[in-house]
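There are 2 protein chains.
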Amino acid sequence: MPDLEPDEFRRQGHQLVDWVAQYRTSLPSLHVQPNVSPGSVKAQLPRELPEQPSQALGDDLVALLNDVVVPSSLHWQHPGFFGYFPANASLLSLLGDIASGGIGAQGMLWSSSPAGTEIEQVLLDGLADALGLGREFTFAGGGGGSLQDSASSASLVALLAALQRSNPDWREHGVDGTETVYATAETHSSLAKAVRVAGLGARALRIVPFTQGTLSMSADALADMLAKDAAAGKRPVMVCPTVGTTGTGAIDPVRDVALAAREYEAWVHVDAAWAGVAALCPEFRWLLDGADLADSFCTDAHKWFYTAFDASFMWVRDARALPTALSITPEYLRNAATESGEVIDYRDWQVPLGRRMRALKIWSVVHGAGLEGLRESIRGHVAMADSLAGRIESEPGFALATPPSLALVCLYLVDRDGRPNDAATKAAMEAVNAEGHSFLTHTSVNGHFAIRVAIGTPTTLPDHIDTLWDSLRKAARQSGA
Amino acid sequence: MPDLEPDEFRRQGHQLVDWVAQYRTSLPSLHVQPNVSPGSVKAQLPRELPEQPSQALGDDLVALLNDVVVPSSLHWQHPGFFGYFPANASLLSLLGDIASGGIGAQGMLWSSSPAGTEIEQVLLDGLADALGLGREFTFAGGGGGSLQDSASSASLVALLAALQRSNPDWREHGVDGTETVYATAETHSSLAKAVRVAGLGARALRIVPFTQGTLSMSADALADMLAKDAAAGKRPVMVCPTVGTTGTGAIDPVRDVALAAREYEAWVHVDAAWAGVAALCPEFRWLLDGADLADSFCTDAHKWFYTAFDASFMWVRDARALPTALSITPEYLRNAATESGEVIDYRDWQVPLGRRMRALKIWSVVHGAGLEGLRESIRGHVAMADSLAGRIESEPGFALATPPSLALVCLYLVDRDGRPNDAATKAAMEAVNAEGHSFLTHTSVNGHFAIRVAIGTPTTLPDHIDTLWDSLRKAARQSGA
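Sequence lines, in order, name chains A and B. Plus 19 on top of the position in the first sequence (first one is 1) and you've got the working numbering. Plus 19 on top of the position in the second sequence (first one is 1) and you've got the working numbering.
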């Protein structure tokens with residue numbers, strides 16, 4: 020057979036685990052961003068695939084990792100990684116992932132993975148409670164949760180459920196061009212992608228203005244748009260408020276938005292991909308205000324819940340909504356358990372048919388860290404962001420681009436008259452990234468280039484914020500702002 | 020911090036690797052299908068999530084695996100697993116997956132994972148060569164490959180690219196209700212799901228008749244349907260021939276289908292999810308006949324390419340097709356490498372934004388088994404299927420439901436007059452599954468219940484086929500057929 024014998028896997032598996040431990044230990048000494056140009060990785064690899072099996076795959080793989088992968092990777096798990104949002108592959112979650120791969124169950128149906136399906140259900144119910152989502156989002160309460168691959172996919176399936184609920188003919192006849200979907204200019208691009216994928220076209224996406232002086236959706240403006248669109252024969256199918264936008268961490272007023280949407284029976288999908296997890300802490304429970312009026316709610320496990328990519332939590336108020344929109348059952352998938360109506364077949368909650376047993380990595384994080392461990396870590400990140408924001412506010416030449424939101428700080432460099440200096444801000448970001456201790460990405464705030472500092476790696480400590488701040492000040496001096 | 024220290028991960032990681040080795044060793048002694056009823060897993064789990072961290076997560080996780088997961092799982096990696104299609108999580112691929120989790124890079128952009136992106140490109144180019152796909156499907160030839168999560172998603176993104184190519188206004192205006200898509204009644208249900216997701220509605224899906232006496236698409240019937248639909252103002256956007264259907268392994272005539280589709284500029288997507296990998300063997304290279312005329316081609320790594328779920332290979336003839344359909348670039352994703360035009364950002368080749376570094380598990384399989392090892396294993400599976408088919412043909416009371424296709428055998432029990440006995444066939448399948456040495460699923464062939472024997476686990480040996488055959492004959496005697 021072409022596979023390893025289990026005893027050989029034991030030896031080479033230890034080798035890979037040791038490599039991971041060594042890599043994670045070495046991270047602080049590596050530049051976060053690699054010095055690499057397009058094509059330079061390809062140039063190091065043979066074009067032809069090997070005909071014969073390796074005699075020592077573990078050795079070969081470790082060589083590839085050390086010689087090619089590490090020097091040419093952006094180190095997302097580095098304590099100085101402040102780019103995008105964190106994609107935390109905690110070592111806790113990797114234990115669960117090793118087990119998941121070992122079992123190798125494909126959980127499309129309850130009957131194809133009873134353990135995977137029910138562990139997922141129990142975890143999602145427990146997490147709904149821990150976050151303070153209402154009982155209506157649990158299986159016990161008629162709703163239920165699932166693990167999606169990403170918040171992008173959660174937005175898409177929410178939209179599909181919304182289309183079906185809005186028009187029972189959708190499955191047979193498709194979309195009809197009257198559908199409208201509501202978001203803001205700061206809503207994640209995955210919503211616009213979902214609208215495109217679902218065949219609505221960009222024209223169906225209505226960009227709701229912000230409440231003045233903020234980057235949050237104006238519920239009043241939404242109500243006006245809904246009324247006008249409905250009067251013009253449009254059919255509002257979904258409103259997507261965000262709790263913690265990607266750009267600046269802005270928070271839309273979910274309750275008021277949901278109340279406006281309800282009048283038109285539009286589905287309310289709350290995208291709390293990054294920030295939602297913070298509701299584990301009672302002092303951040305306000306993040307969920309209004310979620311009790313929503314139809315679906317998503318927050319990522321693979322961001323601030325420390326679970327290796329990919330895993331997003333998505334809850335719906337009506338457990339039948341996604342299967343009604345998505346289920347198609349050929350003969351080869353029919354089975355007694357499905358026909359009993361007593362089980363959840365998660366294939367009907369997602370676009371792909373197959374699925375891995377993601378529940379084990381979630382289980383490992385929950386049990387390995389404990390809810391109290393997760394809360395402490397989140398609080399630590401928010402405190403670091405507050406500390407950084409304070410330094411920015413009191414430093415000449417720096418300014419906050421927006422008020423800090425939880426553990427996300429947006430800043431720019433400013434001229435003496437206090438106006439943002441785009442060129443200097445961009446140059447400073449590039450200088451920090453080139454220096455290598457920290458990694459930053461950017462966004463645009465009111466047309467100005469702004470640096471985002473997204474704090475959230477489990478290994479990030481106040482020292483790393485000090486280092487970042489030193490690098491930023493040095494870069495600012497050099498940029499001449 | 021809430022995560023493990025690397026040294027602690029080293030210890031607990033070894034523990035989990037050892038558990039996997041032990042589990043894989045124990046598989047032959049386990050019943051393939053568990054004896055479990057809806058709710059029985061839930062009943063073993065506490066409802067409340069733990070507040071405090073575990074003091075020994077490795078121990079707790081191993082206990083969960085042994086006490087809850089193993090007794091309540093369908094064992095997909097068991098050598099007696101013949102259900103659905105195999106979802107082979109080879110131990111080779113798990114080595115790569117441990118590394119991928121350790122690096123923890125999120126590969127949405129080239130710049131967010133240069134190594135992951137370029138290793139994937141090189142592997143997909145190399146595999147296109149190894150399979151005998153033309154140079155036009157390689158990056159070197161203007162096309163290119165990507166790793167999708169599943170063939171379902173590959174069909175969906177192919178359809179989206181087809182919609183965009185067929186109508187440049189699609190991104191802005193969405194679908195218009197004139198689109199039609201062509202498949203057969205044996206095409207995988209994921210195509211019907213893709214048509215629904217894309218907003219076309221089931222009415223857009225045209226079911227092309229089979230060539231008489233087969234379960235393969237009739238290219239003549241397709242040509243007629245295309246002509247009639249076009250004359251009626253419909254717009255044929257995609258034709259989806261299958262190489263190896265899920266039900267019976269039927270093979271559509273790709274070349275003739277593609278020639279018919281070309282006249283209407285319909286996109287041709289070849290779904291070879293299960294069978295395509297066999298084209299690694301020169302004697303099965305005929306499977307790709309006509310693929311040189313296709314626009315996209317998919318075959319799964321997580322089936323017969325022994326790679327742990329999830330990973331599907333998808334190639335397109337035009338490297339711009341998927342980005343043109345799917346790209347949306349907010350400010351926070353802009354970067355110099357993307358703007359240089361010299362890199363591939365794989366986010367634009369898929370629906371979700373984020374992605375894991377799946378390339379490492381593919382690399383591990385390719386290098387660990389070698390192309391020659393993969394070929395030998397595929398040949399072994401096909402030989403076992405031929406041997407089983409021979410026994411079925413010569414055994415009174417049994418009959419082949421369809422000619423065997425590669426390593427898939429479909430059979431039923433027949434009465435003395437040679438007519439299929441649905442009740443006896445179903446009873447025999449259930450008896451085999453209850454006995455526990457083997458696991459089978461079913462399909463429908465010309466309205467009759469037929470057992471599928473999908474051979475393809477790397478550990479399956481001729482002995483396991485003997486055991487299956489003994490179980491089937493015993494079950495047939497007991498069913499009284």
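C-beta atoms are modelled at their ideal positions from N, C-alpha and C, and glycine is treated no differently. Predicted, not measured: the structure shown is a model, and the values here were computed from it.
Asked                                                                                                                                                                            : Found
Using a C-beta cutoff of 8 Å, does residue 68(A) count as contacting chain B?                                                                                                    : yes
Whole angstroms is fine: what's the gap from residue 125(A)'s alpha carbon to residue 193(B)'s?                                                                                  : 34 Å
Indicate the three-state DSSP secondary structure (helix, strand or coil) for residue 165(B) in the structure shown.                                                             : strand
Cβ closer than 9 Å: which chain A residues qualify as neighbours of residue 253(B)?                                                                                              : None at all; the shortest Cβ gap to chain A is about 13 Å.
Around the C-beta of residue 212(B), are 16 or more other C-beta atoms found within 10 angstroms, so that it is buried, or is it exposed?                                        : buried
Mind listing, in chain order, the continuous beta strand (DSSP E) runs of no fewer than 3 residues lying wholly within the stretch 246-307 of chain B?                           : 254-258, 286-290
What ranges does the alpha helix (DSSP H) occupy inside the stretch 68-120 of chain B, keeping only unbroken runs of at least 4 residues that lie completely in it?              : 76-83
According to DSSP, which residues form a beta bridge with residue 199(A)?                                                                                                        : 255(A)
Suppose contacts are defined by Cβ-Cβ distances below 8 Å. Is residue 110(B) in contact with residue 28(A) by that definition?                                                   : yes
Applying the criterion that 16 or more other CB atoms from any shown protein chain within 10 Å of the CB defines a buried residue, is residue 77(A) buried or exposed?           : buried
Please list, in chain order, all residues of the same chain as residue 215(A) whose beta carbon is under 7 Å from its beta carbon, the five residues on each side excluded.      : 221
Under a CB-based cut-off of 8 Å, is residue 74(B) close to chain A?                                                                                                              : no
When you compare the CB positions of residue 296(A) and residue 258(A), do they come within less than 8 Å of one another, or not?                                                : no
Take the Cβ of residue 168(B) as the centre, count every other Cβ of all protein chains shown within 10 Å, and call the residue buried at 16 or more, exposed below.             : buried
Given that residue 1(A) touches chain B, what residues does it touch there, using C-beta distances under 7 Å?                                                                    : Any answer about residue 1(A) is impossible in this case: the structure gives chain A only from 20 up to 500.
Which residue's Cα is closest to the Cα of residue 312(A): 301(A), 299(A), 90(A), 334(A)?                                                                                        : 334(A)
Can you find the residues in the same chain that come closer than 7 Å, C-beta to C-beta, to residue 448(B), ignoring five residues on each side of it along the sequence?        : 459, 461, 470
Can you say whether residue 75(A) is buried or exposed, counting buried as having 16 or more other CB atoms within 10 angstroms of its CB?                                       : exposed
Enumerate in chain order the residues of its own chain whose CB-to-CB distance from residue 153(A) is below 6 Å, with the five nearest sequence positions on each side excluded. : 311
Report buried or exposed for residue 322(B), applying the criterion of at least 16 other Cβ atoms within 10 angstroms of its Cβ.                                                 : buried
Taking only beta-carbon positions, decide if residue 117(B) is within less than 8 Å of chain A.                                                                                  : yes
Quick one: is residue 457(A) near chain B, going by C-beta distance under 8 Å?                                                                                                   : no
Is residue 320(B) helix, strand or coil by DSSP?                                                                                                                                 : coil
Going along chain A, which residues have a C-beta under 7 Å from residue 234(B)?                                                                                                 : Going along chain A, no residue has its Cβ under 7 Å from residue 234(B), so there is no contact; the nearest lies around 13 Å.
Between the alpha carbons of residue 379(A) and residue 198(A), how many angstroms are there, rounded?                                                                           : 39 Å
With DSSP run on the structure shown, which of helix, strand or coil describes residue 55(A)?                                                                                    : coil
With H, G and I counted as helix, E and B as strand and the rest as coil, what does DSSP make of residue 433(A)?                                                                 : strand
Go to residue 333(B), then tell me how far its beta strand (DSSP E) extends in each direction, as first and last residue.                                                        : 331-335
Ignore the nearest five residues each way along the sequence and tell me which others in residue 161(B)'s own chain have a CB closer than 8 Å to its CB.                         : 155, 336, 337, 338
At 7 Å on the CB atoms, spell out the chain B contacts of residue 293(A), in chain order.                                                                                        : The contacting residues do not exist; residue 293(A) stays about 12 Å from chain B at best.
So, residue 178(A) versus residue 217(A), is the Cβ gap smaller than 8 Å?                                                                                                        : yes
Say whether chain B places a C-beta atom closer than 8 Å to the C-beta of residue 426(A).                                                                                        : no
So residue 554(B) and residue 276(B) are in contact, right, with Cβ under 8 Å, and what is the actual spacing, rounded?                                                          : Since the first and last residues shown for chain B are 20 and 500, residue 554(B) lies out of range.
What are the residues in the stretch 43-57 of chain A lying within 7 Å of chain B by C-beta distance?                                                                            : 43, 44, 53, 55, 57
May I ask which residues mark the beginning and end of the alpha helix (DSSP H) holding residue 28(B)?                                                                           : 25-45
Does residue 28(B) come within less than 8 Å of chain A when only Cβ atoms are used?                                                                                             : yes
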